[in-house]
Every structure is written in C-alpha cells, then in structure tokens.
Amino acid sequence: MLTRIIYCSTATEGVDIDEFRRILATAQKNNAAKDLTGMLMFNSRIFLQVLEGDRKEVNKLYNTLEQDPRHKDLMILKYERAESRNWAEWSMSFAPASEASRSIYLKYSVRSQFNPYVMEGDAVENMMQELTDTTVAMEDKKAKPQETPEKGALARLFSAS
Ligand SMILES: Cc1cc2nc3c(=O)[nH]c(=O)nc-3n(C[C@H](O)[C@H](O)[C@H](O)COP(=O)(O)O)c2cc1C
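Following this line, the structure appears as structure tokens:
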C-alpha cells in the first residue's frame, strides 16, 4: 500500500551542513534501493521530511529515524494512504535556499519563523509540493547522486526569518 508520511524533527547539537550532506547522500542511496521517494528540508535547526513508498518500508525507515541521534523530538504531521507519489522522481530531494522558498513558506504559515511543529498537515504537504514545483525541480533527479548545496545556500534557507 502506497503510504506517505511527513514529520519534522530538531537537529541535535553539532549537526551542521556537512552532516546534512551526509544524511542526504545516505538517504538517496538507501531510498533508491527501497523504492522510497521524498524530500528533506533543513534550516540548520529543524528538519522537515516527506517519505513515500510501500507502507512497510516507510514504517521501517521511520523506526530507524527515531533512533538516529542526529535529531530529536520527531513529530508526525501527516500519515496517509497515497493514491500516487508526489515526489516520484526523487529518491530524496532538498529545497535549495531562495527568496521563493521563503515566500512560499510564508504563504502556508501564519508565523514568519519557520516552524513546521505548529503547522497543519495539509498545509505542510501543500507547501512542500509547491516548493518542489518551483525550486526542487531544478535539481538532479532520482538515482543520480544530487549535487550537494553550497554551504551558504542551505545556511540561508529560511534563516532570514
Ligand atoms: C533528518 C534525517 C533524515 C533521514 N532520512 C533518511 C532517509 O530518507 N533514508 C535513509 O535511508 N536514511 C535516512 N536518514 C538516516 C537514517 O537515520 C540512518 O542513519 C540510515 O538509514 C542508516 O543507513 P546505513 O545503514 O546505510 O548507514 C535520515 C537521518 C536524519 C537525521
């Protein structure tokens, strides 16, 4: 059964852009092998991730994620049976920093500070979808290792908030 989960979490001490790169590389490699797709966002403090695939694989990965000491306070924002994949082309994409991503975030949230913990599940999903349509689409696609973002780019993601 095709399943989609969206959760957010808080990075633990010492998790920086280099660590984020490693996480992204692991995700792309492993997810491609398990037919999992999705998107990961990081603003140097908070992670926001959508994962879609077979329910068993999604749940298994989520259990692994809960044990990962690089983040804490995982909160499921949405868990649903999906009719089709919204991130079919990406084993794990990321949203690059841009003014566009910031304005899209502001559109879906009542807060100016990036804080998915207080966002409603549908709003989070729609926001991630719109970010994908406008920004992530420019990145490399599935199975090809993605170019990792230059340091400044990710650090700037929502940092102006
Ligand atoms: C925020 C965050 C997102 C992650 N996303 C994924 C993912 O999509 N796929 C994955 O396999 N591992 C992901 N990981 C890493 C897993 O927790 C775990 O370290 C990894 O699956 C172990 O893979 P390995 O056995 O190949 O080293 C993520 C970790 C963090 C902190």
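First residue of the sequence shown: 0, per numbering that gives the first Met the number 0; consecutive thereafter. From the three backbone atoms N, C-alpha and C, an ideal C-beta is built for every residue, glycine too.
Using the three-state DSSP reduction, which class does residue i fall into: helix, strand or coil?
i	result
R3	strand
E98	helix
V117	helix
D15	coil
A10	strand
M40	strand
R54	helix
V123	helix
R20	helix
L162	The chain is shown from 0 up to 160; residue 162 falls before or after that span and cannot be answered.
E138	Residue confidence for E138 is low, a pLDDT of 47 falling below 50, so the modelled location carries little weight; the figure read from the coordinates is stated next. Coil, per DSSP.
Q112	coil
Relative to the C-alpha of residue i, which residue among the options is closest?
i	options	result
N29	L50, F41 and M40	L50
G52	E65, R44, N62 and A31	A31
L47	E129, A94, E98 and Y107	A94
E12	E119, H70, S90 and Q128	H70
K59	K33, I45 and P68	K33
T63	S90, A26 and S97	A26
S102	L23, L130, R21 and D17	L130
V14	P68, L73, M118 and M0	P68
E45	A24, N125 and Q112	According to the sequence shown, residue 45 is Ile rather than Glu. Minimum Cα distance to I45 is reached at Q112.
K106	T9, D17 and Q128	Q128
I16	S97, M38, S43 and A24	S43
L39	Q66, V57, W89 and D72	W89
S8	A24, Y104 and Y61	Y61
N125	M91, S92 and Y104	Y104
So, at 6 Å on beta carbons, what are the nonlocal neighbours of residue i in its own chain, with the 5 sequence-adjacent residues on each side left out?
i	result
V123	I5, L76 and P115
A159	Per-residue confidence for A159 stands at a pLDDT of 38, beneath the threshold of 50, marking its modelled position as unreliable; the derived number appears in the next sentence. Answer for A159: no residue qualifies.
R84	T36 and E51
F41	F19
Y78	I4
R21	none
G120	L76 and K77
A136	The pLDDT assigned to A136 is 46, lower than 50, so where the model puts this residue is not dependable; a value taken from the coordinates is nonetheless given after this. So no residue of the chain qualifies.
Using a Cβ-Cβ cut-off of 7 Å (strictly less than) and excluding sequence neighbours within five positions of residue i, which residues of its own chain qualify?
i	result
A87	T36
A99	T133 and T134
E65	L73
S97	T134
Which same chain residues, not among the five before or five after residue i, have their C-beta less than 8 Å away from its C-beta?
i	result
L1	E51, G52, D53, R54, R80, A81, E82, S83 and R84
E56	K33, D34 and L35
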